[in-house]
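Chains as they are written, first to last, in UniProt numbering: chain A, 1 to 350; chain B, 1 to 350.
Note that the Cβ used here is the ideal one computed from N, Cα and C, for glycine as well.
Just so you know, these numbers come straight off a predicted model, no measurement behind them.
Scroll down for the structure; my scribbles are underneath it.
2 protein chains.
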Amino acid sequence: MSRIEKPADSDPARNALRTGKPTLKTIAEITGLAITTVSRALGNAPQISETTRRRVHEVAAEIGYLPDRAAQRLKTGRTNVVSVLLDPHEEILGFGTSIMHGLARALQGTAYHLIVTPNFLDGSNVDAVNYIIRNGMADGLIFSRTEPFDPRVRLLLENGFPFVTHGRTEFSIPHAFVDYDNFAFAYAATRRLIVKGRRKVTIILPPRRLTFYQHMLHGFMTAVREAGAAYEIPEALDLDSPADMIRDYVRRRSAEPDPPDGFACPGEVSALATITGMSDRGLSLGGEYDIVAKQTSRLLSQIQPKVETIYEDLTAAGEAMGRLLLKRIGGEPIEDLTILQSPQLSFPTP
Amino acid sequence: MSRIEKPADSDPARNALRTGKPTLKTIAEITGLAITTVSRALGNAPQISETTRRRVHEVAAEIGYLPDRAAQRLKTGRTNVVSVLLDPHEEILGFGTSIMHGLARALQGTAYHLIVTPNFLDGSNVDAVNYIIRNGMADGLIFSRTEPFDPRVRLLLENGFPFVTHGRTEFSIPHAFVDYDNFAFAYAATRRLIVKGRRKVTIILPPRRLTFYQHMLHGFMTAVREAGAAYEIPEALDLDSPADMIRDYVRRRSAEPDPPDGFACPGEVSALATITGMSDRGLSLGGEYDIVAKQTSRLLSQIQPKVETIYEDLTAAGEAMGRLLLKRIGGEPIEDLTILQSPQLSFPTP
DNA sequence: GAGCCAATTTAAAACGTTGTAAATTTGCGG
DNA sequence: CCGCAAATTTACAACGTTTTAAATTGGCTC
């Protein structure tokens with residue numbers, strides 16, 4: 001344990017300062033230990049004596065050592081990276097923001113970095129997934145807007161690559177997911193409109209290919225049937241339609257016979273577009289018609305307090321997804337790696 | 001060039017398939033060349049014969065070789081990564097989206113990956129910059145919302161780290177930037193309101209600490225003074241204020257004596273909030289008051305076509321920033337690495 | 001103090017790539 | 001067919017880390 005025979009000359013330390021990059025070697029030279037030992041000590045390996053463990057940690061902290069991620073990655077094959085696949089559609093109005101907020105929180109304090117892979121690259125989302133798998137760009141993947149037989153999910157399952165989706169699928173093999181109970185949302189929203197005495201309700205549904213289209217439709221229809229209420233469902237329109245298309249549709253429809261006067265809007269943009277379309281006809285929110293909207297940011301209720309909203313806490317979803325993914329990467333079995341969020345009545349307190 | 005003596009047994013290829021990861025070694029074994037040669041050939045080094053160069057490329061393509069980024073990074077010290085620092089404030093309503101779209105386009109076809117470092121991590125943006133520099137997490141950095149003496153810029157300049165900002169600073173040392181001519185925007189917007197015959201104009205300014213606060217103020221004041229128009233500037237409010245605060249302010253102010261009837265809104269959220277605040281008082285856009293807004297997405301004009309808008313093409317800005325950064329990383333001098341975008345009258349065609 | 005086990009430390013190899021320097025082949029004049 | 005330069009290919013050593021297997025130390029018993 002004598003650390004005097006090696007003069008521990010100040011070269012390494014000074015050197016580390018000059019090149020700005022202390023490595024295990026630097027610490028080894030300073031402490032007079034072997035590189036292996038230093039590595040072990042920092043990794044809190046069991047066979048290292050408490051004294052050296054402490055000393056190594058001290059020195060490491062002192063010279064500001066940070067492990068070289070490239071080297072770790074090369075050696076271990078693990079990237080310590082979690083990647084989020086962002087779909088253009090979910091980026092508007094801060095979907096990405098909230099989810100990523102939660103993810104960042106879940107990854108806080110772990111060795112994992114969060115990397116956003118924007119989907120714009122070129123082709124479909126599947127290409128991006130393929131690229132990430134084959135290039136070993138990440139240890140785990142997170143994405144949303146699943147389809148019942150989502151090709152990304154299939155690809156990941158086939159390759160045994162850890163992932164968590166936001167949204168369910170209908171594969172027989174289970175996988176980790178976090179989802180919002182859109183059935184419950186649609187049911188509650190429609191119910192509220194009916195209870196308010198609205199004559200005829202309608203809903204703007206997600207694109208048909210997405211899994212939650214069915215959930216949403218089912219919730220809406222259940223509420224409608226229970227109450228024996230009148231309803232209609234716009235065919236040429238979905239949640240991804242541009243705002244002007246939604247606005248124009250609402251405006252046009254409201255001038256035709258027997259228009260709906262209760263709108264379930266599972267998105268803030270669609271709610272705003274609906275308001276504008278109706279007010280173009282001189283119809284006023286809360287007067288001639290009502291809206292119950294799903295709200296994922298504070299924006300809508302801030303601007304238009306008269307819109308009734310039901311919250312989806314995307315930050316919580318992100319945090320949950322992050323935690324599930326870490327477990328999944330750690331090799332935990334899929335069971336219990338699924339979460340269904342219930343709709344919330346008030347804005348989540350951060 | 002005979003490639004028969006080494007039986008080129010199918011082991012390496014099969015092996016590569018099994019582990020899923022062809023390396024230089026795999027190609028070397030298949031072609032019977034040395035690893036170094038393969039590396040050279042793929043790098044299109046001059047001293048490689050055309051025949052082997054071609055052959056190596058063929059094989060590489062065939063087995064789907066992709067260089068291991070971790071190894072490259074470890075060896076060369078270059079990460080081939082460009083990082084975007086996202087500030088929470090710019091993420092709402094797709095700022096991040098548009099800029100990243102442009103960035104992705106600029107990086108298309110290069111070896112560079114785009115990585116988004118969300119700022120939520122914990123502390124200030126400066127910490128994130130520091131972390132990236134010290135950890136060598138990227139070869140270049142992009143961020144926005146600069147202050148006149150932005151600490152991030154100072155840090156990066158001190159370390160000679162390549163970066164491009166969205167927004168200018170007042171440092172004496174020049175640096176690469178892309179900025180929007182906010183003076184021109186504010187001037188034009190105010191001018192339009194005055195020309196429309198508005199009695200009293202106002203503007204919602206950015207937070208004081210940001211560089212473009214001055215530009216914006218200056219443009220507004222220039223138009224006001226030229227025309228000798230009446231004006232006012234809300235003190236307790238800025239572009240980052242929550243929408244309800246802006247809405248409430250507008251509503252309150254419009255009930256007091258001598259309220260403004262021309263609003264320059266350098267942001268879409270502030271424009272929406274203003275509309276709501278005014279319509280709560282029964283005042284109608286284009287009638288009792290007008291708005292000229294800065295528009296960075298298609299959302300606002302889709303929902304409210306009556307708002308006059310002046311466009312800022314953030315996608316183009318992103319693309320420009322990407323290109324500048326690549327040049328900067330390549331060691332080009334700063335001169336000519338600055339771009340000032342002019343306001344645009346119509347939505348940019350993609 | 002020899003012998004032995006456990007505790008602790010170490011040397012050496014490897015991950016996949018690139019840079020340096022040296023080796024091999026080729027072409028060509030004599 | 002030798003010699004010699006140019007053209008082409010090669011071996012070897014890194015980059016910083018972890019892993020495997022081996023070496024060293026210390027503490028004990030006899």
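- Query: What does Asn135(B) touch in chain A if you count any residue whose Cβ is under 9 Å from its own?
  - Reply: Leu66, Asp68 and Arg69
- Item | Spatial neighbours of Phe183(A) in its chain, beta-carbon cut-off 6 Å, leaving aside the 5 residues before and after | Excluding residues within five positions, the ones whose Cβ falls inside 6 Å are His215, His218 and Gly219.
- Message: Output needed in chain order: residues of the stretch 261-277 of chain A with a Cβ under 8 Å from some Cβ in chain B.
- Response: Val269, Leu272, Ala273 and Thr276
- Task: Return helix, strand or coil for Ser342(B), following the three-state DSSP convention.
- Result: coil
- Alpha-carbon to alpha-carbon, Thr165(B) and Gly318(B): 10 Å
- Taking the C-alpha atoms as reference points, what is the distance between Ala28(B) and Ala45(B)? 16 Å
- For a contact meaning CB atoms closer than 8 Å, what does Arg247(B) contact in chain A? Residues of chain A with a Cβ closer than 8 Å to the Cβ of Arg247(B) are, in chain order, Gln302 and Ile303.
- Item | Alpha carbon of Arg208(B) to alpha carbon of Glu147(B), nearest angstrom | Distance between the alpha carbons of Arg208(B) and Glu147(B): 9 Å.
- Message: Can you confirm whether the stretch 63-79 of chain B touches the stretch 46-55 of chain B when touching is taken to mean that 3 or more C-beta pairs between the two stretches lie within less than 8 Å?
- Response: no
- Query: For a contact meaning CB atoms closer than 8 Å, what does Pro242(B) contact in chain A?
  - Reply: Arg298 and Gln302
- Message: With a threshold of 9 Å between beta carbons, is His113(B) in contact with chain A?
- Response: Yes - at least one Cβ of chain A is within 9 Å of the one on His113(B).
- Query: Secondary structure at Lys25(A), three-state DSSP: helix, strand or coil?
  - Reply: helix
- How big is the Cα-Cα spacing for Lys196(B) and Arg253(B)? 21 Å
- Message: For a test of the three-state rule: what should DSSP assign to His218(A), helix, strand or coil?
- Response: Assignment of His218(A) by DSSP, reduced to helix, strand and coil, places it in the helix class.
- Examine chain B for any beta-carbon lying closer than 9 Å to the beta-carbon of Arg73(A), and answer yes or no. yes
- Might you give, ordered along the chain, the residues of its own chain that have their beta carbon closer than 7 Å to the beta carbon of Leu340(B), omitting 5 neighbours on each side? Once the five neighbours on either side are set aside, the close Cβ partners of Leu340(B) are Asp179 and Asp181.
- Straight-line gap, Thr338(A) to Thr117(B) (C-alpha atoms, nearest Å): 27 Å
- Message: Counting only beta-carbon separations shorter than 9 Å, does Ser279(B) have a partner in chain A?
- Response: Cβ-Cβ to chain A under 9 Å: yes for Ser279(B).
- Query: With a CB to CB cut of under 8 Å and the five nearest residues on each side skipped, what residues in its chain are close to Leu210(B)?
  - Reply: Arg145, Thr146, Glu147 and Gly167
- So, does the CB of Lys25(A) fall closer than 9 Å to a CB anywhere in chain B? no
- Tell me which same chain residues have a C-beta within less than 6 Å of the C-beta of Val129(B), skipping the five on either side of it? Arg152 and Leu155
- Query: Sorted by chain position, which residues of the same chain lie with C-beta nearer than 6 Å to Thr222(B)'s C-beta, five sequence neighbours on each side aside?
  - Reply: Closer than 6 Å at Cβ, skipping near neighbours: Tyr187.
- Residue span of the beta strand (DSSP E) that contains residue 356(B), given as start and end: A query on residue 356(B) cannot be resolved here, the shown segment of chain B reaching from 1 to 350 and no further.
- Item | Buried or exposed by the 16-neighbour rule on C-beta atoms within 10 Å, applied to Thr76(B) | Note on Thr76(B): under 16 other CB atoms within 10 angstroms of its CB, so exposed under the neighbour-count rule.
- Based on the DSSP output, what are the partners of Ser144(A) in its beta bridges? His166(A), per the DSSP bridge assignment.
- Message: Looking only at its chain, what residues have a beta carbon closer than 8 Å to the beta carbon of Leu103(B), apart from the 5 residues adjacent to it on each side?
- Response: Val82, Val84, Leu114, Ile142, Gly318, Glu319, Met321 and Gly322
- Query: Would Arg14(A) count as contacting chain B if we go by Cβ distances under 9 Å?
  - Reply: Caution is warranted here: a pLDDT of 40 is assigned to Arg14(A), below 50, making its placement in the model unreliable, and no coordinate value can be reported.
- Query: So which of Glu232(B), Ile275(B) and Ala230(B) has the shortest CA-CA distance to Arg247(B)?
  - Reply: Ile275(B)
- Message: Extract the residue ranges of the beta strand (DSSP E) inside the stretch 183-255 of chain B, only unbroken runs of 3 or more that lie entirely within it.
- Response: 200-203 and 230-232
- Query: Cβ of Thr315(B) within 9 Å of Cβ of Phe263(B)?
  - Reply: no
- To the nearest angstrom, how far is it from the Cα of Thr296(B) to the Cα of Ser270(B)? 13 Å
- Message: At the 9 Å Cβ level, is Met321(B) part of the contact set with chain A, yes or no?
- Response: The C-beta of Met321(B) comes no closer than 9 Å to any C-beta of chain A.
- For Ile204(B) and Gly330(A), the rounded distance between their alpha carbons: 50 Å
- Message: Please list the terminal residues of the continuous alpha helix (DSSP H) segment that includes Gly262(B).
- Response: Segment Gly262 to Cys265 is the beta strand (DSSP E) holding Gly262(B); no alpha helix (DSSP H) there.
- Is any beta-carbon of chain B found at less than 9 Å from that of Lys21(A)? yes
- Query: Who pairs with Ala293(B) in a beta bridge, going by DSSP?
  - Reply: Cys265(B) and Thr309(B)
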